[in-house]
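Just so you know, we're using my numbering here: the sequence shown kicks off at 42 and counts up by one.
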Amino acid sequence: MTSPESEVDLLTPLKEVFGYTAFRPQQEEIIRSTLAGRDVFALLPTGGGKSLCFQLPALARPGLTVVISPLIALMKDQVDQLQANGVPATFLNSSLGEEERKARWRGLNAREYRLLYLSPERLMAGEGSILDSLVRWGTERVAVDEAHCISEWGHDFRPEYRQLATLRDRLSEVPFMALTATATTRVREDILRQLRLRDPAVFVASFNRPNLTYRVQAKSKGYQQILEFLKSRPRESGIVYCFSRAGAEGLAEKLRGDGIRALPYHAGLSQQERAANQESFLRDETRIVCATIAFGMGINKPNVRFVIHHDLPKNIEGYYQETGRAGRDGLPGECLLLFSAGDVAKQTAFIAEKTDPEEQRLAREQLTRMAHYAEDGGCRRVALLGYFGEDYPRGGCGGCDNCLNPRDTWDGTVAAQKFLSCVFRIRQKSGFNTGLNHVVAVLLGSDAEKVRQWGHDSLSTFGIGTELGRNEWGSVGRELVRLGYLRQASEPFTVVELTPEGLAALKDRRQVFLTRPMERPRPRAQKVGDIECDELLFEKLRQLRKTLADEHGVPPYIVFGDVSLRQMAREYPVSESEFRRISGVGERKMRDYGESFLDEIRAHLRLNDRQEFH
């Protein structure tokens with residue numbers, strides 16, 4: 042049991058420094074375990090407040106907290122936010138000039154800082170010079186952020202993270218904390234083993250992001266679909282993920298041609314270009330970033346209102362983490378995935394280029410799970426959470442396309458019988474299985490060379506499926522895989538084969554219901570996380586925030602997030618005491634920005650009536 046004094050120790054900096062009045066679920070337990078000197082593993086969803094779990098202990102107890110972070114941009118962003126709140130924090134990385142590096146080194150030697158951000162590469166460089174200095178700097182705890190990077194089973198594996206075992210040896214008495222937002226059970230176990238966490242306090246929060254709406258649309262005219270989406274949200278910023286660098290470049294260029302402020306981000310750009318484009322996005326000067334997966338882990342921008350996937354992601358872990366960059370502030374966020382079978386074929390071709398058979402097998406398995414998610418007619422949230430081993434407590438979420446606009450089912454028994462029978466006949470005649478597209482070709486009576494070469498034009502199922510088109514048959518086949526009647530296997534190419542369940546369904550002529558293809562979703566009126574407010578005042582406060590941010594040389598959200606602005610535009614604070622009750626208003630921000638925002642609110646009220654909200 043903690044004493045009343047320790048309660049004050051946490052709540053005082055929570056309010057005065059960070060401007061918050063309450064902890065999110067599990068945050069306080071994680072912080073207290075850290076302060077008690079225990080090793081900690083915490084899996085919190087994106088936007089779940091991971092950073093506070095090591096930032097608050099750094100203020101509540103003396104000594105230095107070392108944060109291992111994978112990206113330079115992520116370090117700078119977090120340090121900027123901490124310094125804006127008056128917290129002595131710094132980072133060491135390759136972006137610093139020699140004089141600045143020496144100045145920060147002197148500050149560390151003088152123990153002026155409470156938090157130090159380092160990349161694993163920087164930590165291990167220089168013949169151990171930083172490693173040797175950590176004890177001298179009074180290191181009291183180590184936090185490993187984005188800890189899934191240490192696992193070869195994780196979607197973002199970085200070999201440099203494996204070297205952190207050396208840090209554990211050097212600081213054997215210092216408690217370690219590992220934090221991540223995306224990890225299956227297998228990855229969690231690997232993190233604990235690789236970091237050698239000792240009797241850790243383990244916290245696994247729900248993967249559910251209730252403020253996010255998940256939608257999948259059939260990709261027909263991808264660019265037009267995206268343009269229509271963006272034009273319907275003219276004041277919102279977001280990320281569009283593309284499969285290739287060329288795709289990201291081309292999409293950004295087309296959007297600019299249609300008057301939308303968009304920039305590309307991918308590994309083929311120079312470091313300077315990437316940094317400039319990212320900074321433009323963070324400062325709300327660019328509305329859209331068209332990116333490959335190289336973009337995002339280092340982005341702490343809370344007011345990303347939507348994430349679009351122009352192309353199918355390679356795996357569900359990556360999809361979950363990328364969609365998680367929307368709505369980090371708790372306000373509504375939208376996640377739209379454009380899906381086509383062609384994307385599956387494109388990804389499959391790239392997988393075939395891998396030289397390691399086990400890598401190929403895992404990649405195909407992950408891609409199949411991703412495609413099943415896209416074509417599933419059930420609740421998206423149930424499917425996502427189920428992948429990470431979590432049961433959603435209700436039958437449907439009311440926050441995805443399939444719950445909001447349920448897709449029709451149809452009696453697909455005849456189509457299923459034809460497809461399953463064709464797979465059976467091909468195997469019976471040739472002694473081998475074929476890919477899904479070949480089965481479709483046989484059903485359609487194709488004159489393709491392999492159909493004739495293998496004698497499949499003589500099968501009883503040849504040409505019996507002309508009532509459906511190629512895409513429709515492909516959809517039927519993929520759904521039969523998803524329902525468990527067919528199984529995809531690698532031999533070494535991806536082929537489909539009957540499962541025992543599929544063979545039984547074929548012989549017994551079982552009734553099979555299939556889901557009709559997805560349609561464009563209807564708009565949704567109410568969204569989880571909405572904060573009703575005076576939209577005119579909110580827009581004025583946004584403009585003021587941008588002006589102040591430019592004057593201080595920081596991104597707008599470092600001044601105040603959208604949640605704070607919407608609360609101001611709802612509560613109309615006109616005195617300092619009222620303004621302090623707004624979420625995100627700490628002592629430093631009250632001093633730096635309070636009067637400017639109060640003046641704007643008072644001026645608005647002189648010309649406009651207060652609105653009432655329920």
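Cβ coordinates follow ideal geometry from the N, Cα and C atoms, glycine included.
Since the model is a prediction, treat every value here as computed from it, not as a measurement.
| said: Suppose the cutoff is 8 Å on Cβ atoms and the five residues either side in sequence are ignored; what does the same chain contact list for Arg629 look like? | reply: Within the sequence shown, the letter at position 588 stands for residue 629. Contacts found: Val58, Ala125, Asn126 and Gly127.
| task | Please check the pair Glu399 and Phe248, which I expect to be a contact at CB under 8 Å, by giving their CB distance rounded to whole angstroms. | result | Along the sequence shown, read from residue 1 onward, the residue named residue 399 stands at position 358. Along the sequence shown, read from residue 1 onward, the residue named residue 248 stands at position 207. Not confirmed; about 27 Å, so no contact.
| task | Would you kindly check if the distance between the Cβ of Val480 and the Cβ of Val492 is under 8 Å? | result | Stepping through the sequence shown from its first residue, residue 492 is reached at position 451. Stepping through the sequence shown from its first residue, residue 480 is reached at position 439. Result no, Cβ atoms of Val492 and Val480 do not sit closer than 8 Å.
| With 16 as the cutoff for other CB atoms within 10 Å, does Ser192 come out buried or exposed? | Translated into positions along the sequence shown, residue 192 becomes position 151. Burial is judged here by how many other beta carbons sit within 10 angstroms of a residue's own beta carbon; Ser192 has at least 16 and is buried.
| query | Which residue from Ser213, Asn252 and Lys262 puts its Cα closest to that of Leu238? | reply | Numbered from its first residue, the sequence shown carries residue 238 at position 197. The option with the nearest alpha carbon to Leu238 is Ser213.
| query | Contact check, Ile334 vs Gly374 under 8 Å by CB: the rounded distance? | reply | Counting from 1 along the sequence shown, the entry for residue 334 is found at position 293. Counting from 1 along the sequence shown, the entry for residue 374 is found at position 333. Not a contact, Cβ separation roughly 19 Å.
| field | Element boundaries [beta strand (DSSP E), containing Arg346] | value | Counted from its first residue, the sequence shown places residue 346 at position 305. Val345 to His350 is the extent of the beta strand (DSSP E) around Arg346.
| query | If you drop the 5 nearest sequence neighbours on each side, which residues of the same chain put their C-beta closer than 8 Å to that of Val345? | reply | Counting from one through the sequence shown, the residue named residue 345 turns up at place 304. So the list reads Ser278, Gly279, Ile280, Arg366, Ala367, Gly368, Arg369 and Gly374, once near-sequence residues are dropped.
| Own chain partners of Leu149 with C-beta closer than 6 Å, once the 5 adjacent residues on each side are dropped | The count along the sequence shown starts at 1 and reaches residue 149 at position 108. In its chain, beyond the 5 residues on either side, Trp178 have a beta carbon closer than 6 Å to the beta carbon of Leu149.
| task | Look at the Cβ atom of Cys94, then the Cβ atom of Ile71, and state whether they are nearer than 8 Å. | result | In the sequence shown, the residue the question calls residue 94 occupies position 53. In the sequence shown, the residue the question calls residue 71 occupies position 30. The answer is yes: Cβ separation under 8 Å.
| Integer-rounded CB distance, given that Leu159 should sit under 8 Å from Val120 | If you number the sequence shown from 1, residue 120 lands on position 79. If you number the sequence shown from 1, residue 159 lands on position 118. Actually they do not touch by this definition, with Cβ atoms about 11 Å apart.
| N- and C-terminal bounds of the beta strand (DSSP E) containing Trp451 | As a working mapping, residue 451 is identified with position 410 in the sequence shown. Trp451 -> beta strand (DSSP E) spans Thr450 to Asp452.
| task | Given a cut-off of 8 Å, decide if Phe82 and Ile232 are closer than it, judged by their beta-carbon atoms. | result | Along the sequence shown, read from residue 1 onward, the residue named residue 232 stands at position 191. Along the sequence shown, read from residue 1 onward, the residue named residue 82 stands at position 41. Yes, the pair counts as a contact, with Cβ atoms nearer than the cut-off.
| field | Rounded C-alpha distance that separates Ala404 from Leu76 | value | Locating residue 404 in the sequence shown gives position 363, counting from the first residue. Locating residue 76 in the sequence shown gives position 35, counting from the first residue. In a straight line, the C-alpha of Ala404 is about 41 Å away from that of Leu76.
| field | Residues near Met609 by beta carbon distance below 7 Å, same chain, minus five either side | value | The sequence position of residue 609 within the sequence shown is 568, counting from 1. Same-chain partners within the cutoff: Leu582, Ile623, Phe638 and Ile642.
| field | Cα-Cα separation, Gln362 to Asp498 | value | Position 321 of the sequence shown holds residue 362. Position 457 of the sequence shown holds residue 498. C-alpha separation (whole angstroms): 46 Å.
| query | Taking the alpha-carbon positions, what's the Thr223 to Ile357 distance? | reply | Start at 1 with the first residue of the sequence shown, and residue 223 comes out as number 182. Start at 1 with the first residue of the sequence shown, and residue 357 comes out as number 316. So the two alpha carbons sit approximately 10 Å from each other.
| Quick one: what's got a C-beta closer than 7 Å to Ala99's C-beta in the same chain, skipping five residues either side? | Here the question's residue 99 lines up with position 58 in the sequence shown. Same-chain partners within the cutoff: Thr106, Arg155 and Leu156.
| What residues are listed by DSSP as bridge partners for Val258? | The residue you call residue 258 lines up with position 217 of the sequence shown. It is worth fixing the name first, because residue 258 is Gln in this sequence and not Val. Listed as beta-bridge partners of Gln258 by DSSP are Leu379.
| Between the C-alpha atoms of Leu378 and Ala303, what's the straight-line distance to the nearest angstrom? | For the purposes of this step, residue 378 is taken as the residue at position 337 of the sequence shown. For the purposes of this step, residue 303 is taken as the residue at position 262 of the sequence shown. Separation of Leu378 and Ala303 (C-alpha to C-alpha, rounded to the nearest whole angstrom) is 19 Å.
| task | Report the option in Pro447, Gln469 and Leu164 whose CA atom is closest to the CA atom of Ser501. | result | Here residue 501 is taken as the residue at index 460 of the sequence shown, counted from 1. Minimum Cα distance to Ser501 is reached at Gln469.
| said: On a Cα-Cα basis, can you pick out the residue from His413, Leu539 and Gly439 that is closest to Asn474? | reply: What you label residue 474 is simply residue 433 of the sequence shown in a count that begins at 1. Nearest of His413, Leu539 and Gly439 to Asn474, Cα basis: Leu539.
| query | Under a three-way DSSP split, which group does Gly427 fall into? | reply | By one-based count along the sequence shown, residue 427 stands at place 386. The three-state reading of DSSP puts Gly427 in helix, counting H, G and I together.
| Looking only at C-alpha atoms, which of Pro596, Arg435, Glu416 and Gly263 sits nearest to Val423? | By 1-based counting over the sequence shown, the position of residue 423 is 382. Selected option, being the one with the closest Cα: Arg435.
| message | Give me, in chain order, the residues of the same chain whose beta-carbon lies closer than 8 Å to that of Tyr264; leave out the 5 immediate sequence neighbours on both sides. | response | To locate residue 264, count along the sequence shown from 1; it is residue 223. Setting aside the 5 residues that flank it on each side, Tyr264 is surrounded in the same chain by Leu292 and Lys295, each with a C-beta closer than 8 Å to its C-beta; the list follows chain order.
| field | 8 Å contact criterion, which Asn252 and Gly570 should meet: CB distance rounded | value | Residue numbering aside, residue 252 sits at position 211 when the sequence shown is read from its first letter. Residue numbering aside, residue 570 sits at position 529 when the sequence shown is read from its first letter. With a contact defined as Cβ atoms closer than 8 Å, Asn252 and Gly570 qualify at about 3 Å.
| Beta-carbon proximity of Gly437 to Phe554, cut-off 8 Å | The count along the sequence shown starts at 1 and reaches residue 437 at position 396. The count along the sequence shown starts at 1 and reaches residue 554 at position 513. Not closer than 8 Å, so no.
| Does the Cβ of Glu230 have 16 or more other Cβ atoms within 10 Å, making it buried, or fewer, making it exposed? | Here residue 230 is taken as the residue at index 189 of the sequence shown, counted from 1. By the Cβ neighbour-count rule, Glu230 is exposed, with fewer than 16 other Cβ atoms within 10 Å of its own.
| request: Could you tell me the boundaries of the beta strand (DSSP E) in which Ser278 lies? | output: Taking the sequence shown and counting its residues from 1, one reaches residue 278 at position 237. For Ser278, the enclosing beta strand (DSSP E) covers residues Ser278 to Tyr282.
| message | Mapping the DSSP letters down to three states, classify Pro597 as helix, strand or coil. | response | In the sequence shown, the residue the question calls residue 597 occupies position 556. Looking at Pro597 - three-state DSSP - the assignment turns out to be helix.
| beta strand (DSSP E) containing Phe217: first to last residue? | For the purposes of this step, residue 217 is taken as residue 176 along the sequence shown, with counting starting at 1. DSSP places Phe217 inside the beta strand (DSSP E), whose first and last residues are Phe217 to Thr221.
| said: On the DSSP letters alone, give me the boundaries of the beta strand (DSSP E) that Glu573 sits inside. | reply: The sequence position of residue 573 within the sequence shown is 532, counting from 1. Following the DSSP letters along the chain, one finds Glu573 in no beta strand (DSSP E), marked with neither H nor E.
| request: Just grab the DSSP bridge partners of Gly374 for me. | output: Indexing the sequence shown from 1 puts residue 374 at position 333. The partner list for Gly374 (beta bridge, DSSP) reads Leu253.
| Whose C-beta lies closer than 8 Å to the C-beta of Glu617 among residues of the same chain, with five residues either side of it excluded? | As a first step, residue 617 is located in the sequence shown; it is residue number 576 there, counting from the start. The residues Met631, Gly635 and Leu639, in chain order, have a CB closer than 8 Å to that of Glu617 in the same chain once the five nearest residues on each side in sequence are set aside.
| query | What three-state label does DSSP hand Ile109 in the structure shown? | reply | The residue you call residue 109 lines up with position 68 of the sequence shown. Reduced to three states, the DSSP call for Ile109 is strand.
| message | Tell me the residue span of the alpha helix (DSSP H) that contains Leu509. | response | The count along the sequence shown starts at 1 and reaches residue 509 at position 468. Under the DSSP assignment, Leu509 falls outside any alpha helix (DSSP H); it carries neither an H nor an E label.
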